[in-house]
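Colleague: Under the working numbering, the first residue of the sequence shown is numbered 1351, with each subsequent residue one higher.
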Amino acid sequence: LPGVRNVAAGSSRPLNSGAPVAVHTGTEDPGNPPRISAQEVTNEFFDTLGIPLLAGRVFDERDSPTGAPVTILNARAAHDLFGSPNTAVGRRVRLNDESWREIIGVVGNVRSTFFNTLEWKMDPIVYGPAQQGFKTFSNPTATSFAFHVHIRTDRPLTIADIRMAAPSVNPRAAVTDLRLVAAIVQEATRQPAFRMRLLLGFAVISLLLAAIGTFGLVSQAVTQRRREIAVRLALGAEHAAIVRSIVRRAM
């Protein structure tokens, strides 16, 4: 497609950190290993999404199905499991009951959301190359699977452009959902944002009712003291002093 700079695929959509897996490092409690999120991604994934490389390298053609099993951690996972990104590179981890994988790199954290909340979080994530695949997700008997494709382009693309391009790559490929990242963020925060707007509306109504009540009390106080106010004005009292007196009693 003209104007497309990068295309990558991942097993999880933006703002979703992925499916949880048990991670074994050889030093944890075997009966209670830590659980972190896992994703399968293509080689161009990190560059396309602008995720920085902090240590080591990203996936490339060396990480083929016949190559040594490898993985990449994000900074949060590297810190939780090994203390820092630099010490994580070269170590090994085992996901669930798979074989051991070498950690070849550490990338920056990405934000995700709790379901139906406005709270951002930085989950620990382990990434695997799509060509090798995690046995946890891969099913050799499956006839179909879904990947979320991320596209970065220099010019606007229409839905028709992308739908026509997909079959040219693979006749069995189908584009089932196509949205901007901004639309995904809006959908993820729609319910909590509505609740916040509703809460703000109730707060404004409460403030308005309180103002009306205060106005009524002050009006009643002024009505009851009309004779007193008239006498004080006749005796030379200043208007500001009378107003301050009324306000103090109302408060």
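For each residue, glycine too, the CB sits at the ideal point set by N, CA and C. Fair warning: this is a prediction, and the values are worked out from it, not measured in the lab.
Whose CA, out of D1504, T1437, I1501, R1444, lies closest to the CA of V1476?
Modeller: Here residue 1476 refers to the residue found at position 126 of the sequence shown. Minimum Cα distance to V1476 is reached at R1444.
Colleague: If you check the beta carbons only, do V1457 and I1401 fall under 7 Å apart?
Modeller: Here the question's residue 1457 lines up with position 107 in the sequence shown. Here the question's residue 1401 lines up with position 51 in the sequence shown. Against a cut-off of 7 Å, the Cβ pair of I1401 and V1457 comes out as a contact.
Colleague: Where do the N-terminal and C-terminal ends of the alpha helix (DSSP H) with S1556 fall, by residue?
Modeller: Counting from one through the sequence shown, the residue named residue 1556 turns up at place 206. Run containing S1556: 1540 to 1574, per the alpha helix (DSSP H) assignment.
Colleague: What is the DSSP secondary structure of T1526, counted as helix, strand or coil?
Modeller: As a position in the sequence shown, residue 1526 is number 176, starting the count at 1. Coil.
Colleague: Quick one: is N1520 buried, meaning 16 or more other Cβ sit within 10 Å of its Cβ, or exposed?
Modeller: Along the sequence shown, read from residue 1 onward, the residue named residue 1520 stands at position 170. Result: exposed.
Colleague: Just the Cα atoms here: how many angstroms apart are A1428 and V1420?
Modeller: The residue labelled residue 1428 in the question sits at position 78 within the sequence shown. The residue labelled residue 1420 in the question sits at position 70 within the sequence shown. Rounded to whole angstroms, A1428 to V1420 spans 15 Å at the Cα level.
Colleague: So what does N1382 bridge to, in DSSP terms?
Modeller: If you number the sequence shown from 1, residue 1382 lands on position 32. Answer is none; N1382 lacks a bridge partner.
Colleague: So is S1367 buried or exposed if we call it buried at 16+ other beta carbons inside 10 Å?
Modeller: Taking the sequence shown and counting its residues from 1, the one referred to as residue 1367 is at position 17. Burial call: buried.
Colleague: Does the Cβ-Cβ distance between V1357 and I1501 come in under 7 Å?
Modeller: Taking the first residue of the sequence shown as 1, we reach residue 1357 at position 7. Taking the first residue of the sequence shown as 1, we reach residue 1501 at position 151. Yes, Cβ-Cβ distance for V1357 and I1501 is below 7 Å.
Colleague: On a CA-only basis, which of V1371, G1376, T1392 is nearest K1385? Give me that one, please.
Modeller: On the sequence shown, residue 1385 is found 35 positions in, with the first residue counted as 1. The sequence as given places Arg at residue 1385; Lys does not occur at that position. The shortest Cα separation from R1385 among V1371, G1376, T1392 belongs to V1371.
Colleague: Give me the DSSP bridge partner(s) of S1387.
Modeller: Here residue 1387 is taken as the residue at index 37 of the sequence shown, counted from 1. DSSP output for S1387 lists P1370, I1475 as bridge partner(s).
Colleague: Do L1431 and T1392 count as a contact pair if the criterion is CB distance below 7 Å?
Modeller: The sequence position of residue 1392 within the sequence shown is 42, counting from 1. The sequence position of residue 1431 within the sequence shown is 81, counting from 1. No, they are not a contact pair.
Colleague: Within the same chain, show all residues whose beta-carbon is closer than 7 Å to that of A1538, passing over the 5 residues directly before and after it, in chain order.
Modeller: Reading the sequence shown from its first residue, position 188 is the one you call residue 1538. Within the same chain, A1538 has close Cβ partners L1365, T1463.
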